[in-house]
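The structure appears below as structure tokens.
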Amino acid sequence: MTGGPILTEFLQIMLLLGAAPLFIGWVRTLKCWAQSRDTAGVFQPYRDLARLFTKDVVLAENASWIFRFTPYLVFGTAILAGGIVPMLSTDLPLGLSADVIVLVGLFAISRFFTALAGMDIGTAFGGMGSSREMMVASLAEPAMLMAIFTVSLADKSTSLSHIAEVAFSSQALLKPSLAFAFLAFVLITLAETGRIPVDNPSTHLELTMLHEAMILEYSGRHLALIEWAGMMKLFLFMALGSALFFPWGIDKSGDLSGILLAGGLLTIKLGVAGVVLVLIETGLAKMRLFRLTEFLGSAFLMATLGMLSFFILE
Amino acid sequence: MTMLGDALIAALGTDARFEPGQCPSSVICCTVSREKFAEAARAMKKSYALLAAEWAVDESAFGRGFSVYACYRWGREYLIVRSGLPADDPQFPSITKRYLPAYRFERQMHSLMGVVPAGHPDLRPWIKFEDWPRDVYPLRKSFDPSKPMQRIKGEYQWSRAEGEGVYEIPVGPVHAGIIEPGHFRFQAVGEMVINLEERLGYVHKGIEKRFEALSWKDGARLAGRVSGDTTVAHGIAYCIALESMTGCSVPLRAHWIRALLLERERIANHLGDIGAICNDAAFAFMLYQLSRLRELLLRTNHRLFGHRLTMDRVIPGGVSVDIDVSGRAEIQAELAEISRDFEKLVTVYDESSSLEDRVRDTGVLKPEKARELCVVGIVARASGMNLDCRIFNPFPPYDEYDRLELDVPVKVTGDVHARAWVRVEEVRESIRIIRYILENMPEGPISTECGLPSPEATGFSAVEGWRGEIIYWLQAGPKGEINRCMVRDPSSVNWLGLEQAIPGNIVPDFPLCNKSFNQSYSGHDL
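In order, the protein sequence lines correspond to chains W and L.
Using the numbering used here, you'd call the opening residue of the first sequence number 796 and step up by one each time.
Using the numbering used here, you'd call the opening residue of the second sequence number 606 and step up by one each time.
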């Protein structure tokens, strides 16, 4: 039985919307266990989102259209990105029109507008957060592109679907260039998704925030959309990592049984990724802000090493 | 004669008169004319004394005007210098140029009592709000606290920094966490803080004024509420000052139980603080584990003494709770568990390099600066000052040297790590002291009748709470009532230490530094 590629595309986006809160719930549950605490359950993020959606929006008097428009833009780009990254199947109509550089661009647009929105209402924290976020972005984006170029060199394409297909079928899974690119990717993921040791997603201390400082003034459905998009971003990075480096089981034909198998494998992969993430987050304190340059610099270095080793060894 | 007394005589000669009536007899009170008030400060500075407190008293009940007092400390000596001021011209020479902590003491005296420190560089109101009428002074006897305060339009003048790339970050007074209110204004270039200005007073409750309307016995209850997390130490400090005035001799066992409660309070707060410091570096594991240990201790408190923080268990003349054999066994078992888990957690703290990277060299309060600011307690001991009332001004039962000996940790780096580590070692020491107390506590009654002080007597006490030295100075009026109760929480001086430790740090490190100081807003604002 075969569903059309459009159906696959639809399934993927539904999966992203539905499972992103579950994944963050899983990470939080694991974190509680790691610190021997009681948990609120893996479904707490859904309840949080539902609560935010029922609340009224409190808008600053001098908020411009940028501030009101940003949550929808951020949410929209996250969904679009979900149409590009092969999570279940590589047979994606959108995947043909947009490659990995577009993906990085989508994240950049959403970040750009969030930073603008942070400065829009003119609070001290918003501007502070925007400036920090831009500092991180200026270091993380080149490293991210570098890591992805390394992978695309190995697989001779910048189309994510193509990369995943080639990587899946190629026998030499342990290429040194990919190992370096993977290390770089892990560091970038921590920075891009605002996890410890780069940012602390659960802090209430405004002065230490990076991402949260920009969105402090958001409330109600606006905040819900931004939070949801944040969850999707984490989910997407995990899915992207799995598509680039561990693409086993991703369906190629749009076959329903293949998609189901891909879904099952993705669950396992994400479950393991959550464990790794929590181990990193529990074992490390947050870095001093200016250590970030070293951290992201080493991500860039890893990616560059990956590229060099591709030309030298492969 | 004492060393400080001699120095004062040497500098001022016959201008200095020793006052009788100051209790306990180990503390000397000396009257100088108001012109010589600053000269006395100079003499004290030359003898390396530190300023412990400065305050003003409305002595109209005695048929006089105002008095200003300055209390100096050197080693184990305390010396109080007093100057009388006429009611129609309450001016005195400021000692801020000699002693930095007087900067805030004098602003506070000026705002609340209306005495004028001549030559003070900055007389903006402190604690008093800008929308209170200028000529209303709540601590004066003529002020009626039962009427609501009138409101006027006023604005607080902040210090400013200007230049390219300088921007301001106002934080508070309402914060995101469950903490007290206080305003912090940063001037920063990029992420580098070039100036921090604190603005406190948001939890001003008029406690010092309230004391004057209470009986001596109820005063002990109010003292226990000056700063909730230090309720035992404040209670003890008030009671010791009162007992020194009435000549009450507290039973030995009561002293030992007070020490037991005091050390338990110290452990509970230090456990919470060490965890909170780690949590501000996003190392949440330590916070949850240490909070668990703290909770254990508080629950034992509740079972044995009927209150988690043991509030109101210290009363004038003794204590209101006793401990029996089964209670002793319970505390010993609890301490064994706390001590075992605590050591494991300290190892985690000590061996986590990413945490180490955050806490070392952050928020440094240099020893020379700490000395200049006359900071006390944990903050002082982390910056190389060997100060502890339990050793240098021993109140019972710590004064019995051969019986309750203690070892106080002193670090010299003055950073967040030093302040955390001083706490770690104090927890160990307090656990040891509690075990010793439980083994060797004398038998006997736990309280005695305290009695009332004679009119015009004054009492003084200094007690080492978990934050540091707490000072109480009590004065009985002509009818034997409370005429003035001066409270000097360690926060009154240590907040200035935080303000001075921050410039040069980056903005996102402030919460970590602040947590390592963890001063009380309530104890400061009174």
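In this text, a Cβ means the ideal position worked out from N, Cα and C, and glycines have one as well.
Please classify residue 709/L: is it buried, with 16 or more other beta-carbons within 10 angstroms of its beta-carbon, or exposed? Here residue 709/L is taken as the residue at index 104 of the second sequence, counted from 1. When all chains shown are included, residue 709/L counts as buried.
Is there a Cβ of chain L sitting closer than 8 Å to that of residue 1006/W, yes or no? Counting from 1 along the first sequence, the entry for residue 1006/W is found at position 211. No, its Cβ sits nowhere closer than 8 Å to a Cβ of chain L.
May I have the straight-line CA-CA distance separating residue 729/L from residue 745/L, to the nearest angstrom? Locating residue 729/L in the second sequence gives position 124, counting from the first residue. Locating residue 745/L in the second sequence gives position 140, counting from the first residue. Near 19 Å, if we compare the C-alpha coordinates of residue 745/L and residue 729/L.
Under 7 Å Cβ to Cβ from residue 1051/L, same chain only, skipping five residues before and after it: list those, please. Counted from its first residue, the second sequence places residue 1051/L at position 446. Only 856, 858, 859, 862, 923, 924 and 927 meet the Cβ criterion.
Same chain, Cβ closer than 6 Å to residue 692/L, five either side skipped, listed in chain order: Taking the second sequence and counting its residues from 1, the one referred to as residue 692/L is at position 87. 670.
Can you give, in chain order, each stretch of the beta strand (DSSP E) that sits fully within the region 781-854 of chain L and has at least 3 residues? 788-794 and 797-804
Can you list, in chain order, the residues of its chain with a C-beta nearer than 8 Å to that of residue 953/L? Leave out the 5 residues immediately preceding and following it. For the purposes of this step, residue 953/L is identified with residue 348 of the second sequence, where counting begins at 1. Excluding sequence neighbours, residue 953/L sits near 890 and 891.
Please state whether the Cβ-Cβ distance between residue 1125/L and residue 832/L is less than 8 Å. Indexing the second sequence from 1 puts residue 1125/L at position 520. Indexing the second sequence from 1 puts residue 832/L at position 227. Taking 8 Å as the Cβ cut-off, residue 1125/L and residue 832/L qualify as a contacting pair.
Report the neighbours of residue 957/W on chain L: residues whose CB is nearer than 8 Å to its CB, in chain order. For this step, residue 957/W is matched to residue 162 along the first sequence. Within 8 Å Cβ-Cβ: nothing; residue 957/W doesn't reach chain L, min ~39 Å.
Using a C-beta to C-beta distance shorter than 7 Å, which residues of chain L count as neighbours of residue 1077/W? Within the first sequence, numbered from 1, the residue matching residue 1077/W stands at position 282. Ordered by position in chain L, the residues that pass the 7 Å Cβ test against residue 1077/W are 890.
Use the C-beta contact count for residue 796/W: other C-beta atoms within 10 angstroms, 16 or more gives buried, fewer gives exposed. On the first sequence, position 1 is the one that residue 796/W refers to. Its pLDDT being 42, under 50, residue 796/W is placed unreliably in this model, and the value from its coordinates should be taken loosely. So residue 796/W ends up on the exposed side.
On a CA-only basis, which of 1059/L, 778/L and 911/L is nearest residue 849/L? Give me that one, please. The residue you call residue 849/L lines up with position 244 of the second sequence. Of 1059/L, 778/L and 911/L, the residue nearest in Cα terms is 1059/L.
Residues near residue 829/W by beta carbon distance below 6 Å, same chain, minus five either side: Taking the first sequence and counting its residues from 1, the one referred to as residue 829/W is at position 34. Same-chain partners within the cutoff: 1073 and 1077.
Just the chain L side, please: which residues come within less than 8 Å of residue 1085/W by C-beta, in chain order? Taking the first sequence and counting its residues from 1, the one referred to as residue 1085/W is at position 290. By Cβ distance, chain L contributes 796 and 1111.
So, are the CB atoms of residue 1015/L and residue 882/L less than 8 Å apart? On the second sequence, position 410 is the one that residue 1015/L refers to. On the second sequence, position 277 is the one that residue 882/L refers to. Not closer than 8 Å, so no.
CB-CB under 6 Å to residue 632/L, same chain, minus the five flanking residues each way: which ones, in chain order? For the purposes of this step, residue 632/L is taken as residue 27 along the second sequence, with counting starting at 1. The answer, listed in chain order, is 683 and 1065.
Can you grab the Cα-Cα spacing for the pair residue 987/W / residue 872/L, in whole Å? By one-based count along the first sequence, residue 987/W stands at place 192. By one-based count along the second sequence, residue 872/L stands at place 267. Taking the straight line joining both Cα atoms gives about 40 Å.
Pull up the DSSP beta-bridge partners for residue 1091/L, would you. Numbered from its first residue, the second sequence carries residue 1091/L at position 486. Bridge partners of residue 1091/L: 1078/L.
Cβ closer than 9 Å: which chain W residues qualify as neighbours of residue 776/L? As a working mapping, residue 776/L is identified with position 171 in the second sequence. Those within 9 Å of residue 776/L in chain W are 919, 920, 1001 and 1002.
Buried versus exposed, by CB contacts within 10 Å (16 or more), residue 1070/L: To locate residue 1070/L, count along the second sequence from 1; it is residue 465. That one is buried.
State buried or exposed for residue 765/L, treating a residue as buried only when at least 16 other CB atoms are found within 10 Å of its CB. Counting from 1 along the second sequence, the entry for residue 765/L is found at position 160. Residue 765/L comes out exposed.
Could you tell me which of 1061/W, 1010/W and 1075/W sits nearest to residue 985/W, measuring between CA atoms? Mapped onto the first sequence, residue 985/W falls at position 190. The candidate whose alpha carbon is nearest that of residue 985/W is 1075/W.
Tell me whether residue 682/L sits in a helix, a strand or coil according to DSSP, three-state version. Residue mapping note: residue 682/L aligns to position 77 of the second sequence, counting from 1. In the structure shown, residue 682/L sits in a strand (DSSP, three-state: E or B).
Going by DSSP in three states, residue 1109/W sits in which element: helix, strand or coil? In the first sequence, residue 1109/W corresponds to position 314, counting from 1. Coil at residue 1109/W, not helix or strand.
Grouping DSSP H, G and I as helix and E and B as strand, with all else coil, what is residue 1060/W? Mapped onto the first sequence, residue 1060/W falls at position 265. Three-state result, residue 1060/W: helix.
Could you work out which residues of chain W lie near residue 869/L, taking near to mean beta carbons separated by less than 8 Å? Taking the first residue of the second sequence as 1, we reach residue 869/L at position 264. Neighbours of residue 869/L on chain W: none; closest Cβ ~24 Å, over 8 Å.
Which partner residues does residue 1064/L have in the DSSP bridge list? Along the second sequence, read from residue 1 onward, the residue named residue 1064/L stands at position 459. 628/L and 1079/L, per the DSSP bridge assignment.
So, is residue 970/W buried or exposed, given that buried needs 16 or more other C-beta atoms within 10 angstroms? Counted from its first residue, the first sequence places residue 970/W at position 175. Buried: at least 16 other Cβ atoms inside 10 Å.
By Cβ distance below 6 Å, which residues in the same chain neighbour residue 1029/W in space, the five residues on each side in sequence not counted? Residue 1029/W sits at position 234 when you count from the first residue of the first sequence. Here the set comprises 988.
Can you confirm whether residue 991/W, when its beta carbon is compared against all beta carbons of chain L, has any partner nearer than 8 Å? On the first sequence, residue 991/W is found 196 positions in, with the first residue counted as 1. So, interface residue.
Please determine if the region 971-978 of chain W and the region 1089-1109 of chain W are in contact, where contact requires at least 3 C-beta pairs separated by less than 8 Å. yes
Would you call residue 761/L buried or exposed, if buried means 16 or more other Cβ atoms sit within 10 Å of its Cβ? Start at 1 with the first residue of the second sequence, and residue 761/L comes out as number 156. The residue in question, residue 761/L, is exposed, as its Cβ has fewer than 16 Cβ neighbours within 10 Å.
Can you tell which of 846/L, 963/L, 813/L and 796/L has its C-alpha closest to the C-alpha of residue 1056/L? The residue labelled residue 1056/L in the question sits at position 451 within the second sequence. Of the candidates 846/L, 963/L, 813/L and 796/L, the one whose C-alpha sits nearest the C-alpha of residue 1056/L is 846/L.
If we require 4 or more residues per run, which alpha helix (DSSP H) segments fall completely within the region 998-1084 of chain W? 1006-1009, 1015-1040 and 1051-1078
Give me the chain L residues within the contact set of residue 857/W, using Cβ-Cβ distance strictly less than 7 Å, ordered along the chain. Counted from its first residue, the first sequence places residue 857/W at position 62. In chain order: nothing, as chain L lies at least about 17 Å away.
Can you tell me whether residue 653/L is buried or exposed? The criterion is at least 16 other CB atoms within 10 Å of its CB, across all chains shown. Taking the second sequence and counting its residues from 1, the one referred to as residue 653/L is at position 48. Flag for residue 653/L reads exposed.
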